[in-house]
Amino acid sequence: MNTITPSKEQSKRSAADIYAAFEYQWNYFVFTLLNEIDDTSTVSFELHDDVDTQTGEVITFYQIKHSVQNNASGKTINLSDRDSDLWKTLSNWMKFIDDQPEILPNASFILVTNKNISDNKFVKALTDYQNSHNLDDFKSTIEEIKNSEKKSADKLKDKPEESKDEPKTKRIDVSKIISDLLSYPNLDIFCGRITFSKTEDILKEAIKKRMKNRFGLNEHRIDWVYGQIMTSLKDDAIERIENRKPVSYTGGVFTEKYQSILDIGRKKIHFRSDYFITDFKGDPNDLLFMKQLFEIGDTDKKDIDRVTELTVCWFRFNNNFHEHWNNNVLTQDDVNKLTQNVYSRWRTYHRSKHRLLPQNCTEKDLCNAGCETVDEMRKEQFSLAGTNLEQSDSEGCIYYYSNSSTDVVPELPLIGWHRDWESKFKKS
Numbered sequence: 000m001n002t003i004t005p006s007k008e009q010s011k012r013s014a015a016d017i018y019a020a021f022e023y024q025w026n027y028f029v030f031t032l033l034n035e036i037d038d039t040s041t042v043s044f045e046l047h048d049d050v051d052t053q054t055g056e057v058i059t060f061y062q063i064k065h066s067v068q069n070n071a072s073g074k075t076i077n078l079s080d081r082d083s084d085l086w087k088t089l090s091n092w093m094k095f096i097d098d099q100p101e102i103l104p105n106a107s108f109i110l111v112t113n114k115n116i117s118d119n120k121f122v123k124a125l126t127d128y129q130n131s132h133n134l135d136d137f138k139s140t141i142e143e144i145k146n147s148e149k150k151s152a153d154k155l156k157d158k159p160e161e162s163k164d165e166p167k168t169k170r171i172d173v174s175k176i177i178s179d180l181l182s183y184p185n186l187d188i189f190c191g192r193i194t195f196s197k198t199e200d201i202l203k204e205a206i207k208k209r210m211k212n213r214f215g216l217n218e219h220r221i222d223w224v225y226g227q228i229m230t231s232l233k234d235d236a237i238e239r240i241e242n243r244k245p246v247s248y249t250g251g252v253f254t255e256k257y258q259s260i261l262d263i264g265r266k267k268i269h270f271r272s273d274y275f276i277t278d279f280k281g282d283p284n285d286l287l288f289m290k291q292l293f294e295i296g297d298t299d300k301k302d303i304d305r306v307t308e309l310t311v312c313w314f315r316f317n318n319n320f321h322e323h324w325n326n327n328v329l330t331q332d333d334v335n336k337l338t339q340n341v342y343s344r345w346r347t348y349h350r351s352k353h354r355l356l357p358q359n360c361t362e363k364d365l366c367n368a369g370c371e372t373v374d375e376m377r378k379e380q381f382s383l384a385g386t387n388l389e390q391s392d393s394e395g396c397i398y399y400y401s402n403s404s405t406d407v408v409p410e411l412p413l414i415g416w417h418r419d420w421e422s423k424f425k426k427s
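The sequence shown begins at 0 in numbering that gives the first Met the number 0 and counts up one residue at a time.
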């Protein structure tokens, strides 16, 4: 018989499934850690179980089972009565208790899965037993599952040998595990401590929601905080594993290790208005954004009041922007979003005002188009880190992005008003 080998695409899917399962397990560990606020409690990854929490002698074991398989309606498959995830988990827990019987009185066991558990006979029987404490009824239902498993196995024996090759490597002896459970010496105590938890297929949004609620994060900083903490936690876990240390944290790990990230995540932007022309040390006429406005005739050098007004607009935005950046109130993501928004709106207006001008148009036409472009930009209201800027600060923002390079945005100027602004004002 020829050996059937998976295609490259099947191999990719297999690797992807393994990665998805690992991510799910890791994300559930982080979610559990976020729910634990007691500094005396420890949450561990791959220590006693996939995930476990321990406070004193009390310990909770979590088996994390994830599936990417979907049913005919496109939803994640059910946890079937004979599901190997279910019975292998119970078998592992029984072996663990056999090795350390003293833990049972203070232990809880939770099977976490994205599979649908509502129609599972074992889950229903377990819930009924925990409510009624009728062990005979519970055993009777388990016997039914065992007999059903036997019938299924008998049907499999009657199938052609080729059809059994693939599942054979994956099958476990469910009937034997059920027999072991039914004869288990501490069956009543053990089954009283088992629960099931149905979760979403992907836990990312649940983690972000938990972060927001626990730490009171700014709505617009949640994604940034999520990315920073998840990356840092993984890096720390890898370092612990390499140094043969357990991946375990107390509930207060976020306060201890990630306070600076959380502080940024809570902050809202406040722009000071107490900046005046007397605070500016320099000549406004030397500012690049002013030179751009002079070039198109928007502003006259001799109009001191107007030059002062525009300079203060730029100066106030510039100082607030850099102050928040230096104080770690702003993130790089905040700056990037503002930069993209300013550039995108400018590009639309600049193209709109210049596209119908012929190549040999007059300088007057070019200046008029430039003035119309800057006038449109002055009407815009921008936001920074989720905070809407005042109109004057938004105006100062466009002058900032049409001015000289800074440490925060080194590619400045990014925008201009004249059609040939880049050749005139942007250094190569």
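In this text, a Cβ means the ideal position worked out from N, Cα and C, and glycines have one as well.
Distance CB(residue i)-CB(residue j) smaller than 8 Å
| i | j | result |
| --- | --- | --- |
| L383 | D333 | yes |
| I144 | I116 | no |
| V173 | W86 | yes |
| N26 | I206 | yes |
| I109 | Y61 | yes |
| K211 | I221 | yes |
| R346 | M376 | no |
| L287 | Y342 | no |
| G264 | F214 | yes |
| T140 | K114 | no |
| V311 | F253 | no |
| H417 | K423 | yes |
| T31 | K64 | no |
| V373 | D297 | yes |
| F270 | L337 | no |
| L33 | S247 | no |
| Y398 | W313 | yes |
| Y147 | R209 | The amino acid occupying residue 147 in the given sequence is Ser; Tyr does not appear at that position. Not a contact, by the Cβ cut-off of 8 Å. |
Beta-ladder partner(s) of residue i, from DSSP
| i | result |
| --- | --- |
| S107 | T59 |
| V42 | T52 and Y248 |
| F275 | Per DSSP, none; premise fails for F275. |
| S382 | N387 |
| N69 | T75 |
| T140 | Its beta-bridge partners do not exist; DSSP assigns none. |
| N115 | N77 |
| K64 | T112 |
Limits of the alpha helix (DSSP H) - the one that residue i falls within
| i | result |
| --- | --- |
| I176 | V173 to L181 |
| W420 | W420 to F424 |
| N242 | Per DSSP, N242 belongs to no alpha helix (DSSP H) and is neither H nor E. |
| S351 | Q331 to H353 |
| F293 | L287 to E294 |
| G264 | Q258 to R265 |
| V311 | I303 to N325 |
| C190 | L186 to C190 |
| I96 | S83 to D98 |
| I206 | K203 to F214 |
| K123 | K120 to S131 |
| E362 | E362 to R377 |
Delimiting residues of the beta strand (DSSP E) encompassing residue i
| i | result |
| --- | --- |
| F195 | I193 to K197 |
Residue i, buried or exposed, once every other Cβ within 10 Å from all chains shown has been counted against 16
| i | result |
| --- | --- |
| E410 | exposed |
| G415 | buried |
| R315 | buried |
| E394 | buried |
| I3 | Note that I3 scores 46 on pLDDT, short of 50, meaning its location in the model is unreliable and no value can be drawn from it. |
| N217 | buried |
| I240 | exposed |
| T168 | Model confidence at T168 stands at a pLDDT of 37, short of 50, so the residue's coordinates are unreliable and nothing is read from them. |
| A14 | exposed |
CB-CB length for residue i against residue j, believed under 8 Å
| i | j | result |
| --- | --- | --- |
| L365 | L356 | 7 Å |
| D118 | N69 | Going by Cβ atoms, the distance from D118 to N69 rounds to 16 Å, so no, they are not a contact pair. |
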